[in-house]
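Here's the structure, in structure tokens; my notes come after.
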DNA sequence: ATGGATTGCTATAAACAACAACAATTGTTA
DNA sequence: TAACAATTGTTGTTGTTTATAGCAATCCAT
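Residue numbers (the working numbering), protein chains in the order written: chain H, 23 to 158; chain F, 23 to 158.
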């Protein structure tokens with residue numbers, strides 16, 4: 023079939039993102055974590071007592087949509103909330119959460135390395151800076 | 023906030039894809055087309071009498087999900103169906119569809135060009151081949 | 001001619017994201 | 001310090017997208 027779409031960088035960007043996201047999801051499934059869960063765990067691990075609102079801003083997830091996400095992680099015993107003042111609550115990883123986070127990071131780092139290996143050497147080092155420029 | 027995520031190519035890939043998709047959606051909105059609509063119109067334009075199943079395979083969209091998509095395009099008077107045999111139907115652009123498709127292509131090409139301009143020159147030519155390797 | 005594959009479709013469910021609204025609390029500044 | 005503005009965590013709702021299973025009709029290959 024004649025298909026001019028893959029020559030559009032924007033189209034290939036979408037397809038590449040879908041393909042890699044699907045594969046990472048498969049690899050995170052044994053941990054019963056989604057990608058967004060892993061992102062949140064990593065960010066909380068790096069920033070103890072971060073608030074739900076701040077997390078949402080960093081990840082471009084609306085406050086309202088953080089609620090079920092955090093509830094799921096809390097129900098799974100991975101995070102806990104500590105009141106910072108009368109209205110904000112700081113998030114932190116539980117012991118189980120720290121363990122899961124470490125496992126997830128290992129999976130992600132392996133996945134990222136394998137993903138980069140698939141990119142022909144001459145282009146490899148240009149990928150991250152090019153992507154970075156598109157959304158930062 | 024400490025955020026190691028943007029250093030993961032996979033994460034930046036997802037964020038870049040989201041950011042660019044959101045912007046392209048805005049630009050296509052005046053035509054009342056979504057990105058997937060534009061993709062389908064372009065593919066049909068290049069391949070008259072293609073079937074819904076073949077389209078779905080090319081775009082990685084399941085047969086079942088092509089139904090409402092094509093119905094929408096048909097209701098908008100952009101495509102028409104011609105029976106090829108007792109069960110398959112060939113898709114083609116109507117006159118209105120051809121016009122819309124051309125407008126969409128113009129918007130997309132302008133968008134892609136501007137997107138590439140945002141990528142620093144040394145990395146620019148490497149983006150498409152790198153992305154291509156990730157999903158082809 | 002029969003059995004397997006394909007086509008188009010229905011129906012359903014899950015995940016994800018967008019929006020508006022709300023009470024409570026915090027901060028800002030007049 | 002009193003009043004006003006902004007922020008936080010929620011709820012509820014909606015729309016979009018995608019996945020899954022199933023079905024009748026038709027095509028194709030042996």
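In this text, a Cβ means the ideal position worked out from N, Cα and C, and glycines have one as well.
| field | Beta-carbon neighbours of residue 72 of chain H, restricted to chain F and to distances below 9 Å | value | Near residue 72 of chain H (Cβ distances below 9 Å), the residues of chain F are 23.
| Distance, residue 29 of chain H Cα to residue 39 of chain H Cα | 16 Å
| said: Looking at the secondary structure, which residues open and close the alpha helix (DSSP H) in which residue 54 of chain H lies? | reply: Unbroken run through residue 54 of chain H: none, as it is neither H nor E.
| Check whether residue 101 of chain H and residue 50 of chain H have beta carbons under 8 Å apart | no
| request: Give the DSSP bridge partners of residue 102 of chain F, in chain order. | output: F/114
| task | Leaving out five residues on either side along the sequence, give the residues of the same chain with a beta carbon under 6 Å from the beta carbon of residue 110 of chain H. | result | 73
| query | Using the beta-carbon count (16 or more within 10 Å), is residue 54 of chain H buried or exposed? | reply | Label assigned to residue 54 of chain H: exposed.
| query | Nearest CA to the CA of residue 69 of chain F: which residue from H/150, H/27 and H/155? | reply | H/27
| query | Comparing the C-beta of residue 69 of chain F with each C-beta of chain H, is any distance below 8 Å? | reply | yes
| query | For residue 113 of chain F versus residue 64 of chain F, is the C-beta distance shorter than 8 Å? | reply | no
| field | Start and end residues, alpha helix (DSSP H) containing residue 97 of chain H | value | 85-97
| message | Assuming residue 33 of chain F and residue 34 of chain H are in contact, meaning their beta carbons sit under 8 Å apart, how far apart are those beta carbons, in whole angstroms? | response | Their Cβ separation, rounded to whole angstroms, is 18 Å, which puts residue 33 of chain F and residue 34 of chain H out of contact at 8 Å.
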